[in-house]
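Accompanying notes for the structure given below.
Number of protein chains: 6
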Amino acid sequence: MSTLSPQTRAKLETVSVATLCTALFKCGLRNQLIQDVRPLNPAGRNMVGEAFTLRYIPAREDLNPIGVFQNPAHPQRKAVEDCPAGAVLVIDSRKDARAASAGAILVARLMVRGVAGIVTDGGFRDSAEIARLDIPAYHHRSSAPTNLTRHQALDINVPIGCGDAPVFPGDVVVGDAEGVVVIPAEIAEAIADEAVEMTAFEDFVSEEVLKGRTIIGLYPPTNPQAQSDFAAWRKAKGR
Amino acid sequence: MSTLSPQTRAKLETVSVATLCTALFKCGLRNQLIQDVRPLNPAGRNMVGEAFTLRYIPAREDLNPIGVFQNPAHPQRKAVEDCPAGAVLVIDSRKDARAASAGAILVARLMVRGVAGIVTDGGFRDSAEIARLDIPAYHHRSSAPTNLTRHQALDINVPIGCGDAPVFPGDVVVGDAEGVVVIPAEIAEAIADEAVEMTAFEDFVSEEVLKGRTIIGLYPPTNPQAQSDFAAWRKAKGR
Amino acid sequence: MSTLSPQTRAKLETVSVATLCTALFKCGLRNQLIQDVRPLNPAGRNMVGEAFTLRYIPAREDLNPIGVFQNPAHPQRKAVEDCPAGAVLVIDSRKDARAASAGAILVARLMVRGVAGIVTDGGFRDSAEIARLDIPAYHHRSSAPTNLTRHQALDINVPIGCGDAPVFPGDVVVGDAEGVVVIPAEIAEAIADEAVEMTAFEDFVSEEVLKGRTIIGLYPPTNPQAQSDFAAWRKAKGR
Amino acid sequence: MSTLSPQTRAKLETVSVATLCTALFKCGLRNQLIQDVRPLNPAGRNMVGEAFTLRYIPAREDLNPIGVFQNPAHPQRKAVEDCPAGAVLVIDSRKDARAASAGAILVARLMVRGVAGIVTDGGFRDSAEIARLDIPAYHHRSSAPTNLTRHQALDINVPIGCGDAPVFPGDVVVGDAEGVVVIPAEIAEAIADEAVEMTAFEDFVSEEVLKGRTIIGLYPPTNPQAQSDFAAWRKAKGR
Amino acid sequence: MSTLSPQTRAKLETVSVATLCTALFKCGLRNQLIQDVRPLNPAGRNMVGEAFTLRYIPAREDLNPIGVFQNPAHPQRKAVEDCPAGAVLVIDSRKDARAASAGAILVARLMVRGVAGIVTDGGFRDSAEIARLDIPAYHHRSSAPTNLTRHQALDINVPIGCGDAPVFPGDVVVGDAEGVVVIPAEIAEAIADEAVEMTAFEDFVSEEVLKGRTIIGLYPPTNPQAQSDFAAWRKAKGR
Amino acid sequence: MSTLSPQTRAKLETVSVATLCTALFKCGLRNQLIQDVRPLNPAGRNMVGEAFTLRYIPAREDLNPIGVFQNPAHPQRKAVEDCPAGAVLVIDSRKDARAASAGAILVARLMVRGVAGIVTDGGFRDSAEIARLDIPAYHHRSSAPTNLTRHQALDINVPIGCGDAPVFPGDVVVGDAEGVVVIPAEIAEAIADEAVEMTAFEDFVSEEVLKGRTIIGLYPPTNPQAQSDFAAWRKAKGR
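Residue numbers (the numbering used here), protein chains in the order written: chain A, 1116 to 1354; chain B, 1116 to 1354; chain C, 1116 to 1354; chain D, 1116 to 1354; chain E, 1116 to 1354; chain F, 1116 to 1354.
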């Protein structure tokens, strides 16, 4: 059963991956960013969902002829049909973008099924088509060669590494224009709350800085004036 | 004499590099993608042409003062004047983008001469200008330093490596928004035919998936219903 | 006191980083490009200013809790307040983009203070916001994790390395759509003059090439006709 | 039950990893070498055994305090006790040698238990001590930091990648002074037979070459004289 | 004044870098190993001393002709004469081993002056000669080109990064056959004490394991029997 | 005809690669070291000879079945038979050590033929056997997979890159325990002379340093006393 409440999901849609990384840093978690992936489609909204994982290992030629996809239980195809609506499919491609992790047809199927997004630390083929689909997708770089050239899909929904980050099934995955972060399920609500608070403060600071105020004493608010200004701002803004 | 017929060229303009990679994979060719290059100008049309190659070696300082370009037989300049119209100039820069493979003036000259495109596994200088020219160009990343800083142009139209792919003069080079693939001359026609067939099927599948159909049994079409639906679709579409 | 005159600054706003690299190459300086950084905001104008530097070392966990920013003398925050208007803040992040070199609030403060630009060989967080600010910013790639995760700001305005280039305080830093180059202060005026001359010639050549003229004899102008045509062009254009 | 017969094991002890790679290449398997690992102890004998695998993912700080080893079911410790005598423990460390895959105490325990060897695509701590143990061990480079710094042991005896090679439990793993190769279980006997034949021929060729004979016609034996000389040599040597 | 007492130095000579890394890990310090350096001379004894640092930046050609060494205040030469006896000279070479950090003459001078060792995250020239000197030296790999080719010595005894580890002047540096670790000065004594304790336990465990005892319950000693056996062992050994 | 006189060869046998790099640096040549190769057999003597080159490109599967070696004109086999006695075979393997550049049988044939050495920027298979042969061999790392897995031998005795250095046929190649340097043929004699002089001075300095003398004023000899001491030393030593 899902551990991600609609309330937490809604909060996570309003905060940045950078702010979430800082909130995780305060908890001693320094490696939760999926390093070196970027969005194909710079959407306006955040990707938020629980991790559903797929693990690839290096392809052995005799086990990966083009015919393997005729098996309806092939893990790549099965993952695309089984990933729950609202979840994010996260693929461990061992940071190898020399062959595709998936292509536009599979990503379209995920979109139609209501999946919240897809992430690989390798690359997608048909990247221009994927960029036009209405589902957030993140990869390292485009990769035209068919999946079977380098990857064998092996396991569904086991803990994996993706972009040097640990990803456990059910962790909460959030992506924005900058990247993707993995929040342990147990602390997702607390991190979301903390990030909402931090975002309010950063929005206040941004406004002040653009008006010409120095960051010293303001960011962080070591000057009591900054604290009272922020309190007034929150009241005025209703945040 | 060219081995690339107008018919094959026309077919290759309608299919994706990803599809071509899969067709090559079926023939046992797994390394024909020029890895990790991207288009400077995201054109609407494919780049298609026979490979005309240029080989660089590391620059030795005493052999590469700025004056070398005064020699009209300098291989870089000669290649730009000799590359046939309709061909693609492919440069082996040893995956070294720390100095430019070429700049906007040379690329403009290629465009004016009717060359079909240019590819390097290094980088171009004047990349913003090149992006505005009407000739497809692919590189790893922008690179402002003059060519002579790292590269000595040496050979014209010999077999080379480019982005870890083997490139023989006359091979058929195809590029789209995603990357560049090298098709051995001898099989270009067969690969083009296969890719046209595959594209028809993938277009059918994409439509079905967007309508909500599962990929199981459809992609690949292990379900006889999928096969008959595809036959009907082809008939209706005239493909 | 500034060594960069308004005249030199104006000239440097009209020439490309690529042309400056060639002018430096002619002086025996081959490594002045900050390798592998790109602009977040593809502005229409060049970034020009004297280098004001900030040096990071790897973060030691006990010295870099979130609380360090409460110190108004923290070097990162101090650099942002001290970097002179018209200067460029250049950060040595040891080419490590796994954590942010800075974020949008600090970059906004630099903008408001009239700083000419910011460069890191690591990455910025809040990169989408920075891209919307009216100040040129260059990095290797986006990086959401807070600065303290990997970096400790240590020194202000000492000589540094950035992207494999040496950067001395007061060197003249120029950035365009392609990248960033570092010109030693002592030769900035001479390099600017040389680049203006080269740019006039390259603009002439580009026009000729687009009209269909061969590059042989024209680029470089070993054909006397090319030289006299260029003289006529300059006269006509008043350059 | 073991698929590796004593006869096959004995054959594999007499042939080189390089010869086995060529035999696998003839079967279309090009990626079975565990890339970029080397022996800590240059033993006189080959390491031969069936793969018993251990999978690591990136460590999450809260899940990997020093206390985790108090759990007798911790997968790293369990693998060391469960790996069968005569097998080879192969660890997927995601090619990350920044923290140790294991140390001398665990390797000593494997040795005492009769395990045939240990391989990681990361690094071992206590490498000087491991080098003095009588058990073959292979890694990328020495790595002093404790395992928990970067790795979380997760799975035992599942298919993994190691040094870009696919490794399935039960595959036959062979190591010599040069490296480690993975032979699919189903073809281990055939590959061993082929390699024994190839080794006889290569030993003959080596002797001939050292006597001064040209390689043309000899290696491969396109000259019938070479074939009859080899037949005579085999008879004389009893091989 | 030195913060490293003879007692602490003596203790650090008896423990391994791996054990020190674990002791530091328990304090929350995960990045104190100088990554990817190795000893040129596999000495029997540990290198122990306080860090005296030297910082290099990328060489600018005009500032680094061969004549710079005629200046007796050149930072590289000055560092060699100023590094205190008993200290370790640690060089920040930005992990660039394409040119030498130093050569045999300078290392010999350090040896004669009683310096405890030298470390670079780049490479040494004259590495075969350095390997015969009686002073521990660590680098990434051999590098014949003169220092000036890539490096400009800039600063003496400032905080630096070396092999991704932070190094502050006065930190205690320990090297063994496996690598080099940096212990913050303030905790050097405590870490030394902890490591001596851990070493006693690990020596006990090693003996037991070699006698055939399982690691479960022993390492760590969750079985009370293991604890009482260790107490008896310590008594018997006088440790 | 050879440009390398017996006198120059003899001189080059007595000096180090590091000293040669410095002599080349003085001539403005900064990139003549073959980066990141090491000797398999740490011989007592230098490798010296003129470059005879072999160029590899990435292997295309259909062109590189095991049968290609049956062709006596295969460039790899031909190079081994054609490389002149006294020359050094230098292979451009594009810094790709994932498959072998050559194996022990070919290297043995080169040895028997009187070839002076072999260098690749990739790796050798049968490395333990090669290490026992009486011919200097340099590579990046051991590589068991057969050549055909990644490489297609293409050209003999054309200019190449090897380890980021330019190598022209006939250049003089020198290797010692540390690495391999490439001296342009035209300046080989002058560089040899310069290096012999430098070696005499460095031997004098080493002796003085080991006696306890400071390097300031001695290395370089800015103190006139150092110059007169060196003159006396030369006289006494007859150098």
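We put the beta carbon where it would ideally sit given N, CA and C, even for glycine. Treat the numbers as computed from the prediction; the structure is a model and nothing was measured.
Would you check if the stretch 1228-1239 of chain B and the stretch 1206-1217 of chain B touch, i.e. whether three or more CB-CB distances between them fall below 8 angstroms? Verdict: yes, contact present.
query: Would you say Asp1211/D reaches chain E, if we count a Cβ-Cβ gap shorter than 8 angstroms as a contact?
result: Residue numbering aside, residue 1211/D sits at position 96 when the fourth sequence is read from its first letter. Judged by the 8 angstroms Cβ criterion, Asp1211/D is not in contact with chain E.
Let me know if Asp1151/E comes out buried or exposed under the rule of 16 or more other beta-carbons within 10 Å of its beta-carbon.
Residue 1151/E sits at position 36 when you count from the first residue of the fifth sequence. Buried.
Give the DSSP-derived three-state secondary structure of Ser1120/D in the structure shown.
Walking along the fourth sequence from the start, residue 1120/D turns up at place 5. Assignment of Ser1120/D by DSSP, reduced to helix, strand and coil, places it in the coil class.
Query raised in the report: When the cut-off is 8 angstroms and only beta carbons count, does Gln1340/A lie next to chain C?
Result: For the purposes of this step, residue 1340/A is taken as residue 225 along the first sequence, with counting starting at 1. Closer than 8 angstroms: no.
Ranges of the beta strand (DSSP E) found wholly within the stretch 1120-1203 of chain B, counting only runs of at least 3: Fully enclosed beta strand (DSSP E) runs of 3 or longer: 1162-1173.
Practice item. Report yes or no: is there a C-beta of chain B within less than 8 angstroms of the C-beta of Asp1279/F? Key: Looking up residue 1279/F in the sixth sequence gives position 164. At least one chain B Cβ lies under 8 angstroms of Asp1279/F.
**Prompt:** Taking the alpha helix (DSSP H) that Ile1302/F falls in, what are its first and last residues?
**Reply:** The residue labelled residue 1302/F in the question sits at position 187 within the sixth sequence. Membership of Ile1302/F in any alpha helix (DSSP H) is not indicated, and neither H nor E is assigned to it by DSSP.
Give the secondary structure of Pro1281/E by DSSP, where H, G and I count as helix, E and B as strand, and everything else as coil. Residue numbering aside, residue 1281/E sits at position 166 when the fifth sequence is read from its first letter. Strand, per DSSP.
In DSSP terms, what Ala1219/B is bridged to = Working through the second sequence from its first residue, we reach residue 1219/B at position 104. DSSP output for Ala1219/B lists no bridge partner at all.
How about Glu1317/C and Ile1220/B: do their beta carbons lie closer than 8 angstroms? Taking the third sequence and counting its residues from 1, the one referred to as residue 1317/C is at position 202. Taking the second sequence and counting its residues from 1, the one referred to as residue 1220/B is at position 105. In this structure, Ile1220/B lies closer than 8 angstroms to Glu1317/C by Cβ.
*asked:* So with CB distances below 7 angstroms, who are the chain E contacts of Gly1143/C?
replied: In the third sequence, the residue the question calls residue 1143/C occupies position 28. Going along chain E in sequence order, the residues near Gly1143/C (Cβ under 7 angstroms) are Glu1176, Asp1177.
Discussion item. Short of 8 angstroms in beta carbon distance, which residues of its chain neighbour Leu1269/D, apart from the five on each side in sequence? Order them along the chain.
Written reply: Counting from 1 along the fourth sequence, the entry for residue 1269/D is found at position 154. Contacts found: Arg1170, Tyr1171, Ile1172, Pro1190.
Are the CB atoms of Glu1304/A and Lys1138/A within a distance shorter than 8 angstroms? As a working note, residue 1138/A is residue 23 in the first sequence. As a working note, residue 1304/A is residue 189 in the first sequence. Checking the sequence shown, residue 1138/A turns out to be Ala, not Lys. With contacts defined as CB atoms closer than 8 angstroms, Ala1138/A and Glu1304/A fail to qualify as a contacting pair.
| said: Give me the residue from Asp1249/A, Ser1208/A, Gly1182/A with the minimum Cα distance to Ala1280/A. | reply: Here the question's residue 1280/A lines up with position 165 in the first sequence. If we check each option's Cα against that of Ala1280/A, Ser1208/A comes out closest.
What number of angstroms, rounded off, separates the C-alpha of Asn1338/B from the C-alpha of His1266/D? Counting from 1 along the second sequence, the entry for residue 1338/B is found at position 223. Counting from 1 along the fourth sequence, the entry for residue 1266/D is found at position 151. Near 44 angstroms, if we compare the C-alpha coordinates of His1266/D and Asn1338/B.
Exercise. Report yes or no: is there a C-beta of chain A within less than 8 angstroms of the C-beta of Leu1269/D?
Key: As a working note, residue 1269/D is residue 154 in the fourth sequence. So yes, Leu1269/D belongs to the interface.
Next item on the list: Could you name the residues of chain D that Ile1302/E contacts, counting a contact when the two beta carbons are closer than 7 angstroms?
Entry: The residue labelled residue 1302/E in the question sits at position 187 within the fifth sequence. Going along chain D, no residue has its Cβ under 7 angstroms from Ile1302/E, so there is no contact; the nearest lies around 17 angstroms.
| request: Look at the Cβ atom of Leu1144/D, then the Cβ atom of Glu1176/A, and state whether they are nearer than 8 angstroms. | output: Sequence index remark: in the fourth sequence, residue 1144/D carries index 29 (1-based). Sequence index remark: in the first sequence, residue 1176/A carries index 61 (1-based). Between Leu1144/D and Glu1176/A, the gap from beta carbon to beta carbon is short of 8 angstroms.
Enumerate in chain order the residues of its own chain whose CB-to-CB distance from Leu1263/F is below 8 angstroms, with the five nearest sequence positions on each side excluded. Numbered from its first residue, the sixth sequence carries residue 1263/F at position 148. Excluding sequence neighbours, Leu1263/F sits near Ala1174, Asn1179, Pro1180, Ile1181, Val1183, Ala1214.
Could you work out which residue in Leu1119/A, Lys1141/A, Val1324/A is closest to Thr1261/C when comparing CA atoms only? To locate residue 1261/C, count along the third sequence from 1; it is residue 146. When Leu1119/A, Lys1141/A, Val1324/A are compared, the shortest CA-CA separation from Thr1261/C is found for Lys1141/A.
So is Glu1128/A in contact with chain C if we call contact Cβ pairs under 8 angstroms? Translated into the one-based positions of the first sequence, residue 1128/A becomes position 13. Closer than 8 angstroms to the CB of Glu1128/A there is not a single CB belonging to chain C.
Check your understanding: If you measure from the beta carbon of Asn1146/B to each beta carbon in chain F, is any gap under 8 angstroms?
Key -> Taking the second sequence and counting its residues from 1, one reaches residue 1146/B at position 31. Yes, contact with chain F.
Chain F within 8 angstroms of Met1116/D, Cβ atoms only: For this step, residue 1116/D is matched to residue 1 along the fourth sequence. For Met1116/D, the pLDDT reaches just 45, beneath the cut-off of 50, and the residue's location in the model is therefore unreliable, leaving the point undetermined.
For Glu1244/E, tell me which candidate among Ala1223/E, His1254/E, Val1311/E has the shortest Cα-Cα distance. Locating residue 1244/E in the fifth sequence gives position 129, counting from the first residue. The shortest C-alpha separation from Glu1244/E is found at Ala1223/E.
Might you give, ordered along the chain, the residues of its own chain that have their beta carbon closer than 7 angstroms to the beta carbon of Leu1333/F, omitting 5 neighbours on each side?
Along the sixth sequence, read from residue 1 onward, the residue named residue 1333/F stands at position 218. Only Val1320, Glu1323, Ala1341 meet the Cβ criterion.
Review point. Under the DSSP definition of a beta bridge, which residues are partnered with Asp1207/A?
Key: As a first step, residue 1207/A is located in the first sequence; it is residue number 92 there, counting from the start. In the DSSP output, where bridge partners are listed per residue, Asp1207/A has Arg1170/A.
Burial state of Ala1346/F, where buried means 16 or more other Cβ atoms lie within 10 Å = The residue given as residue 1346/F occupies position 231 in the sixth sequence. By the C-beta density criterion, Ala1346/F is exposed, having fewer than 16 other C-beta atoms within 10 angstroms.
**Asked** So Val1288/D and Gly1164/D are in contact, right, with Cβ under 8 angstroms, and what is the actual spacing, rounded?
**Response** The residue given as residue 1288/D occupies position 173 in the fourth sequence. The residue given as residue 1164/D occupies position 49 in the fourth sequence. Their Cβ separation, rounded to whole angstroms, is 6 angstroms, which keeps Val1288/D and Gly1164/D in contact under 8 angstroms.
Q) Rounded to a whole number of angstroms, what is the C-alpha to C-alpha distance between Ala1307/C and Asn1156/A? A) Taking the third sequence and counting its residues from 1, one reaches residue 1307/C at position 192. Taking the first sequence and counting its residues from 1, one reaches residue 1156/A at position 41. Distance between the alpha carbons of Ala1307/C and Asn1156/A: 40 angstroms.
Which residue comes first and which comes last in the beta strand (DSSP E) that contains Ile1331/C? Here the question's residue 1331/C lines up with position 216 in the third sequence. Counting along the chain, Ile1331/C falls outside any beta strand (DSSP E), and DSSP gives it neither H nor E.
- Pair within 8 angstroms by beta-carbon distance, Gly1290/A and Val1132/A: The sequence position of residue 1290/A within the first sequence is 175, counting from 1. The sequence position of residue 1132/A within the first sequence is 17, counting from 1. It is a contact, given that the beta carbons lie within the stated cut-off.
Out of Pro1284/D, Thr1329/D, Asn1161/D, which one is the CA nearest neighbour of Thr1118/D?
Indexing the fourth sequence from 1 puts residue 1118/D at position 3. Measuring C-alpha to C-alpha distances from Thr1118/D to each of Pro1284/D, Thr1329/D, Asn1161/D identifies Pro1284/D as the nearest.
- Item | Cross-chain neighbours of Leu1119/B in chain C, by beta carbon under 9 angstroms | In the second sequence, counting from the first residue as 1, residue 1119/B sits at position 4. What Leu1119/B touches in chain C: nothing, since even the nearest Cβ is about 25 angstroms away.
**Residue-chain proximity (Pro1173/C, chain E), Cβ-Cβ < 8 angstroms** = Translated into positions along the third sequence, residue 1173/C becomes position 58. Yes, its Cβ sits closer than 8 angstroms to a Cβ of chain E.
#### Entry: Residue nearest to Lys1160/F in terms of C-alpha spacing, selected from Pro1199/F, Gly1278/F, Val1295/F
Translated into positions along the sixth sequence, residue 1160/F becomes position 45. Sequence check: residue 1160/F is Arg here, not Lys. Out of Pro1199/F, Gly1278/F, Val1295/F, Val1295/F has the C-alpha closest to the C-alpha of Arg1160/F.
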